[in-house]
Each structure stands twice: as C-alpha cells, then as structure tokens.
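In terms of the numbering used here, the numbers along the sequence shown are unbroken and rise by one, the last being 253. Ideal placement from N, C-alpha and C gives every residue a C-beta, glycine not left out. If you're wondering where the values come from, they're calculated on a predicted model, not measured in any experiment. Take a look at the structure set out below.
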Amino acid sequence: MSKVPISYPYVDRQPIKITTETQKLTGCTWLNTGRVWDLDITQYFHDQCKKVESPIIFDVGAQTGSFTLISKFLPKTAQMYGFEPLPTSFKCLQDNLKLNELGSPRAQVYNCGLSNVVGETVLKVPDHKGLCTMGENPLRFRDYESVNVQTDTIDHFCEENNVNGLDFMKIDTEGWEYFVLRGGVNTIKRYKPEILMEWNAQNMEQCGVNKDVFMRFITDELGYTVQKQFRDDIYIVTGHSDSIGSVCSQSS
2 MSKVPISYPY VDRQPIKITT ETQKLTGCTW LNTGRVWDLD ITQYFHDQCK KVESPIIFDV
62 GAQTGSFTLI SKFLPKTAQM YGFEPLPTSF KCLQDNLKLN ELGSPRAQVY NCGLSNVVGE
122 TVLKVPDHKG LCTMGENPLR FRDYESVNVQ TDTIDHFCEE NNVNGLDFMK IDTEGWEYFV
182 LRGGVNTIKR YKPEILMEWN AQNMEQCGVN KDVFMRFITD ELGYTVQKQF RDDIYIVTGH
242 SDSIGSVCSQ SS
C-alpha cells in the first residue's frame, strides 16, 4: 500500500482516501483534477442506501472502490459486498478499504466477477481499466490483455455465504449486466433490491445482449420498472416502490 494517500472530496463533501497506485491505475475514476468521476451518481446511491437502517448492498464491478467506499459513511450496521474480477484493481480496492479503516462485516470484497454461471471466464483488459469486459467482441477498444478470472452468481454467493437479504445493487460491468441479473433471479425476486446499473447499447452489443430483450427481462420476468436515469446509468426498482421518483424514458 502506498505510504502517501490521496484525499478526494466524496459523498456529502466528506474526504475519502485512496492510494497513489489507485489513481495511476484508474485515473478514469479518480481524476487528476481532484474530482471523482460521476460523483453525483455515487451521492444519489449513497443517499438511497441511507434510507434503510441496516442495508445489505452489492457493488458489482467494484473496480477500486468508488462505490464500495460509501460504506464509510453509512450506519455501522450496513453490510457492503464488493465484487471485482481484475486482480490489480482488486488489490487497490483492498488497500483503499484498509486506508479508510473499513473491514468485515461493513465492507467485504471478493476477487471475482458475477455472471450467470459459477466458473471461469476471460476478462478483456485494455489500458483504460474502466472499459474491461467479459464480452467476446470488444467494441470500445482494439488492444487488450486477456486475463482469466473467476465468476460466481448472485444466487450461489448468497446461499454459500448466508446472505439473508439484499436491499441495493450497483452493477457496472461494461455490458455484462444482463448475465449478472440472470444469475440472481431467485435472490432478486425474493428480496427485490433497488438497482443502479449501466445501460449502454454498445456495451451490451459487445456482450451479445439485445437491449430490448434485456428490458423485457427486467419488466416482465423481474417485475421492475425504470424509475430514474443518469446519462448511461438507470435506477430500476420494484413496481410497488415509490421512494425514487417518477418513471422516465429508457436510455438508448
């Protein structure tokens, strides 16, 4: 871990510390201008999580912790589970949790990706670490390193680790979101968590996902509705929830 941490203004304008290695690896998230990328979305997610007294949260595609670290500013009874398959990003994630004095059970992290199967797959890793994808046909970069990574499913993970609840999920997996949700149908139907996820047609295409089929899966099989949109991110909640706001148009 770096001996010289960097401090960034974070949720509620509170400072958060990261290692210098984190900024070097994921400068796309921790900008050298002293800002955190998409902090308004992180703030919104944080505010939603605070509405639950002891929330259970999944951060899928945790990278180096821009969402996982909100656990520092949630009630001490909150439980955050972060999933990051890329070993270099995962190491930074672990170091950032230690730097901010976060550990189990408030923040638990796992070096794996979530998918629709338990096993192993190939993660395509370009220089821009925010674009890593499990898709077979990368469309947003040409040159990349292939890294073998472990995968789990939401349903299997919850059963194996006695996770008896799920209130919120953030999913940012560069087009793999459909498969993440497919692997958690039972858990999602049981606990009906509120979900913030990326919704990018090009990312879906590189993963062989049809966005119309995906939306029908969300609305018809899971019974969810789109409630709020942030650029390429959408917030989806169960139909009976009125805590987010009015339904808005779906992203293209």
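Which residues DSSP lists as bridging residue i, in chain order
| i | result |
| --- | --- |
| LYS125 | THR134 and SER147 |
| LYS10 | The sequence given here places Pro at residue 10; Lys does not occur at that position. In DSSP, PRO10 forms a bridge with PRO16. |
DSSP state of residue i mapped onto helix, strand, coil
| i | result |
| --- | --- |
| LEU197 | strand |
| ILE17 | strand |
| ASP234 | strand |
| ASP173 | coil |
| ASP153 | strand |
| LYS51 | coil |
| THR34 | coil |
| VAL214 | helix |
| THR27 | coil |
| PHE180 | helix |
| ARG141 | coil |
| LEU167 | coil |
| ASN187 | helix |
Outcome for residue i when other beta-carbon atoms lying within 10 angstroms are tallied against a minimum of 16
| i | result |
| --- | --- |
| ASP41 | exposed |
| GLY209 | exposed |
| GLN95 | buried |
| GLN15 | exposed |
| SER67 | buried |
| ILE19 | buried |
| ASP173 | buried |
| GLY240 | Note that GLY240 scores 49 on pLDDT, short of 50, meaning its location in the model is unreliable; the coordinates nonetheless yield the value given after this. Exposed is the call here. |
Residue i versus residue j: straight-line alpha-carbon distance, rounded
| i | j | result |
| --- | --- | --- |
| THR89 | GLU22 | 10 Å |
| SER3 | LEU26 | Caution is warranted here: a pLDDT of 46 is assigned to SER3, below 50, making its placement in the model unreliable, and the coordinate value is therefore given only provisionally. Each residue's alpha carbon lies about 13 Å from the other. |
| ILE245 | GLU161 | The predicted model places ILE245 with a pLDDT of 35, which falls under 50 and marks its position as unreliable, so this point remains unresolved. |
| LEU197 | VAL5 | 33 Å |
| SER72 | SER116 | 24 Å |
| THR142 | GLY28 | Here the sequence assigns Phe to residue 142, which means Thr is not the residue at that position. When rounded, the distance between both Cα atoms is 17 Å. |
| GLN64 | CYS50 | 20 Å |
### Task
Please specify which runs of the alpha helix (DSSP H), each continuous and at least 4 residues long, are wholly inside the stretch 54-132, giving them in chain order.
Here the runs fully enclosed are 88-100.
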